[in-house]
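Converting from the sequence shown to the numbering used here requires adding 717 to each position, the first position being numbered 1.
Where is the CB? At the ideal position from N, CA and C, for every residue including glycine.
Following: one structure in structure tokens, then a few remarks.
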Amino acid sequence: MSSEQTPPEQPEVDRGTKEQQKQPDHAIQQNRTPAFLSWFSGLLKDYGAVMAILAIGIPVIIEIGALRAQVTTIPELRADIIDTHKRVLPEIRNLIRDNKIAVEKFHITVSEIKHKLDEVKNEIKDELNALSSNLEANLRTNSATLLKIETTLAQQAERIASQDRFVEMFLKDFISRQEKK
Numbered sequence: 718m719s720s721e722q723t724p725p726e727q728p729e730v731d732r733g734t735k736e737q738q739k740q741p742d743h744a745i746q747q748n749r750t751p752a753f754l755s756w757f758s759g760l761l762k763d764y765g766a767v768m769a770i771l772a773i774g775i776p777v778i779i780e781i782g783a784l785r786a787q788v789t790t791i792p793e794l795r796a797d798i799i800d801t802h803k804r805v806l807p808e809i810r811n812l813i814r815d816n817k818i819a820v821e822k823f824h825i826t827v828s829e830i831k832h833k834l835d836e837v838k839n840e841i842k843d844e845l846n847a848l849s850s851n852l853e854a855n856l857r858t859n860s861a862t863l864l865k866i867e868t869t870l871a872q873q874a875e876r877i878a879s880q881d882r883f884v885e886m887f888l889k890d891f892i893s894r895q896e897k898k
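Written out as structure tokens, the structure reads:
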């Protein structure tokens, strides 16, 4: 038996593109996010400081992006980042503190509004209960009055019927007397 043996196929290992293979390690590290940006984005996520993004965050990110784009990377970039960090950090802390105070005032205002709404709701409920009680009392009174009126009308109808019989008898009697004469 003659059979050809083929070597087993080995999976190809991804070594990146040729350009990535040619790049030294320090060039790849420049593409990573600096620690300050990670810290800053974490700070924004933790405290929700929207005002910090608008007032300080955008210029800081632009400045850091410009620093990253520069070719000089070692001590100058580090010093610029540290200076920016020292200059901006107190302002960010102040904005976060102001934001916390504003949120606390907002929560207090919301609590006051809820309390007032509960008071108004209770007052309306009390008024509706009072009106309902008055309406029930008026309906009972009106029912009793209508019953009295119905009884009175029935009595008057009986009187009228008896008067009609009396008049009818009187007329018959009168007519019969007139005919006799």
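Leaving aside the five residues that flank Gln895 on each side, none in its chain has a CB nearer than 6 Å to its CB. CA-to-CA, the gap between Thr869 and Glu875 works out to about 10 Å. Going by C-alpha positions, Ile830 is about 42 Å away from Thr858. DSSP, reduced to helix, strand and coil, places Lys898 outside both helices and strands of the structure shown, so it counts as coil. Taking all protein chains in view, the Cβ of Ile809 is crowded by 16 or more other Cβ atoms within 10 Å, so the residue is classified as buried. The C-beta separation of Glu780 from Thr801 comes to about 6 Å, placing the pair in contact by the 8 Å criterion. The alpha-carbon separation between Ala752 and Phe823 amounts to approximately 34 Å.
Taking the CA atoms as reference points, Ala819 sits about 10 Å from Ile825. Residues of the same chain with a CB within less than 8 Å of the CB of Lys833, apart from the 5 flanking positions on each side, do not exist. Per the coordinates, the alpha-carbon of Ala847 lies some 38 Å from the alpha-carbon of Gln873.
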